[in-house]
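Here's the structure we're looking at; comments come further down.
Numbering (the working numbering), first residue to last: -1 to 143.
Right under this line is the structure:
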């Protein structure tokens, strides 16, 4: 069975704020219900499962995946990402203001991105994986006295 519109609004609001009382009131429940019976909404299996599903979806949307990380590191390494530098600029006597200026990523950030990409592709591994097969000799030759 699906959620009612009020239950869905409550669940969405609760995910945003984490506050039971305000979420219930904003969803359209009365103040009296919100004060006394709001825990019943969270105990409702449909509401609980809806909240869990939405949280899982939001978690997937907010966490960077491997491709996104690799693209970001590549763009930093190539100097395509700009940094913001705050500068103190004098305006008059004893007066100055802070201004933000964009600048190209510095060399250390680009080098670090290149190192991380190199590690990912194992470009500088000191350990080498070597497969060796060593023959085993069995002393099964009869001894002649």
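Glycine included, every Cβ here is placed at the ideal spot set by N, Cα and C. Remember, it's a predicted structure, so these values are computed and weren't measured experimentally.
Query: When the Cβ atoms of the stretch 57 to 76 are set against those of the stretch 100 to 115, are three or more pairs found closer than 8 angstroms?; Result: yes
Query: Taking the CB atoms as reference points, tell me whether residue 27 and residue 18 lie closer together than 8 angstroms.; Result: no
Query: Once DSSP output is grouped into helix, strand and coil, what is the label at residue 47?; Result: helix
Query: Between residue 106 and the ligand GDP, is the CB less than 7 angstroms from at least one heavy atom?; Result: Absence of the ligand GDP is noted for the structure shown, with no ligands found whatsoever.
Query: So, helix, strand or coil for residue 134, using DSSP?; Result: coil
Query: At what residue ranges does the stretch 35 to 123 contain a whole run of the alpha helix (DSSP H), taking only runs of 4 or more?; Result: 36 to 41, 43 to 60, 64 to 75, 105 to 118
Query: Can you look up residue 19 in the DSSP assignment and give me helix, strand or coil?; Result: helix
Query: In this structure, does DSSP put residue 3 in helix, strand or coil?; Result: helix
Query: For residue 128, decide whether its Cβ has a neighbour in chain D, counting only Cβ atoms nearer than 8 angstroms.; Result: The structure shown contains no chain D, having only a single protein chain.
Query: With 16 as the cutoff for other CB atoms within 10 Å, does residue 92 come out buried or exposed?; Result: exposed
Query: Go through its chain and collect everything with a Cβ distance to residue 0's Cβ below 6 angstroms, but skip five positions before and after it.; Result: none
Query: Who are the near neighbours of residue 75 in its chain, counting only those whose CB is closer than 7 angstroms to its CB and skipping five residues on each side?; Result: 108, 111, 112, 115
Query: Measure the C-alpha to C-alpha separation of residue 50 and residue 98 and round it to an integer number of angstroms.; Result: 41 angstroms
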